[in-house]
Amino acid sequence: MKVIEFKNVSYGCGEGNLLTDVSFGIQKGSFTALAGENGAGKSTLCRLAAALLRPVSGEVISNGLSTSKEKTARFAAFTGFLFQNPDRQICRSTVREEMAFGLKYTALGGREAELALSETIEEFGFAPEREIFSMTRGERQMLALASVLVRKPEILVADEPTSGLDARQYAVAAEKLKEARRRGATVLMVTHDMELAEETADEMLVVAGGRITAHAPVEEIFSDRALMKRSSLRQTEIREIAALLGGDFAKAASAYEMAEIIKNKRKRMVA
């Protein structure tokens, strides 16, 4: 079942379109990475998917509803949107206030809302009364993510969710995104980080010049080196090393696969 569907969608303001005649569908419960060079139209596509923008032509369907025919608040009830810049999202003074604000737009109430709030604050390791102005850029990014996830959205749209994070925060954010998907959420994530895409997503949308140039399983996208180069997408480090080594290593997609190839070669040498 398609939970997000674009039907011949175009969007633009002034001269030219940011997106032109875009059509695709995302299945319920899937994790889709959205990739492409800067200015390709990724963020615009995300905002259209979350009903924050309306298409100039064509139609966007979310959970069976046309974003052009319903109020944004209707979609906010089941869609969580994470901005690339947390300062465009955060609007309260303390951690607890910011996270509680997001719960106002859900069906959660009373004890259920308070439990979700307390659990999420604890999971992310926040001090509930901490003043947000004292937080680092990475901490604010994590707070913005937590404020979206506390709502347990059916659809999660995240624009560069790991930007500005240190290694520990990055690992936590990646795991939280995977948890959301395991919980049943449909995830659409913009990222330039191909390691993150490979770790979390099962399919990729590639955007170039305001058009969809590929929509396929992650493995299929990464295996198409011509497409990756044409779309200005960087291969993961393991895949780059595998390609340079060639031979039996050429198709290795992970450190584990590479290690297994080395082990097998050693066994053959000993034998």
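For the sequence shown, our numbering begins at 62 and goes up steadily by one.
From the three backbone atoms N, C-alpha and C, an ideal C-beta is built for every residue, glycine too.
Buried versus exposed call for residue i [16 or more other C-beta atoms within 10 Å across all chains shown]
{"i": "lysine 324", "result": "exposed"}
{"i": "cysteine 107", "result": "buried"}
{"i": "arginine 149", "result": "exposed"}
{"i": "phenylalanine 139", "result": "buried"}
{"i": "phenylalanine 194", "result": "exposed"}
{"i": "asparagine 99", "result": "exposed"}
{"i": "arginine 243", "result": "exposed"}
{"i": "serine 129", "result": "exposed"}
{"i": "arginine 300", "result": "buried"}
{"i": "threonine 181", "result": "buried"}
{"i": "methionine 330", "result": "exposed"}
{"i": "lysine 213", "result": "buried"}
{"i": "glutamate 280", "result": "exposed"}
{"i": "tyrosine 317", "result": "exposed"}
{"i": "threonine 197", "result": "exposed"}
DSSP three-state assignment for residue i, whether helix, strand or coil
{"i": "arginine 272", "result": "strand"}
{"i": "methionine 196", "result": "coil"}
{"i": "lysine 68", "result": "strand"}
{"i": "glutamate 120", "result": "strand"}
{"i": "aspartate 263", "result": "coil"}
{"i": "alanine 277", "result": "strand"}
{"i": "threonine 297", "result": "coil"}
{"i": "threonine 167", "result": "coil"}
{"i": "threonine 155", "result": "strand"}
{"i": "arginine 99", "result": "The sequence given here has asparagine at residue 99, not arginine. Asparagine 99: coil per DSSP, three-state reduction."}
Which listed residue (the options) has its alpha carbon closest to that of residue i
{"i": "isoleucine 122", "options": "Ala110, Thr133, Arg243 and Lys132", "result": "Ala110"}
{"i": "threonine 274", "options": "Ser127, Gly102 and Phe310", "result": "Gly102"}
{"i": "phenylalanine 85", "options": "Glu184, Gly97, Glu120 and Ser104", "result": "Glu120"}
{"i": "glutamate 236", "options": "Gly225, Leu257, Asn78 and Thr93", "result": "Leu257"}
{"i": "glycine 270", "options": "Ser224, Phe283 and Arg291", "result": "Arg291"}
{"i": "valine 70", "options": "Ser127, Ser91, Gln88 and Ala94", "result": "Ser127"}
{"i": "leucine 210", "options": "Glu184, Cys74 and Glu321", "result": "Glu184"}
{"i": "lysine 239", "options": "Gln88, Met160, His253 and Ala262", "result": "Ala262"}
{"i": "isoleucine 216", "options": "Ala320, Ala137, Ala313 and Glu321", "result": "Ala137"}
Bridge-paired residues (DSSP) for residue i
{"i": "glutamine 88", "result": "Lys63"}
{"i": "leucine 249", "result": "Thr93 and Val218"}
{"i": "phenylalanine 51", "result": "Nothing can be reported for residue 51, as the shown portion of the chain is limited to 62 through 332."}
{"i": "glutamate 184", "result": "Bridge partners of glutamate 184: none, in fact."}
{"i": "arginine 176", "result": "In the sequence on display, residue 176 carries leucine and not arginine. None; leucine 176 has no bridge partner."}
{"i": "valine 83", "result": "Val70"}
{"i": "threonine 133", "result": "Bridge partners of threonine 133: none, in fact."}
{"i": "serine 127", "result": "Ile122"}
Assumed close pair residue i, residue j - CB separation to whole angstroms, cut-off 8 Å
{"i": "alanine 277", "j": "methionine 265", "result": "7 Å"}
{"i": "serine 208", "j": "glycine 163", "result": "5 Å"}
{"i": "glycine 199", "j": "aspartate 227", "result": "6 Å"}
{"i": "arginine 286", "j": "methionine 255", "result": "Not really, about 13 Å apart at Cβ, beyond 8 Å."}
{"i": "valine 268", "j": "leucine 95", "result": "7 Å"}
{"i": "alanine 188", "j": "valine 156", "result": "7 Å"}
{"i": "phenylalanine 142", "j": "leucine 113", "result": "7 Å"}
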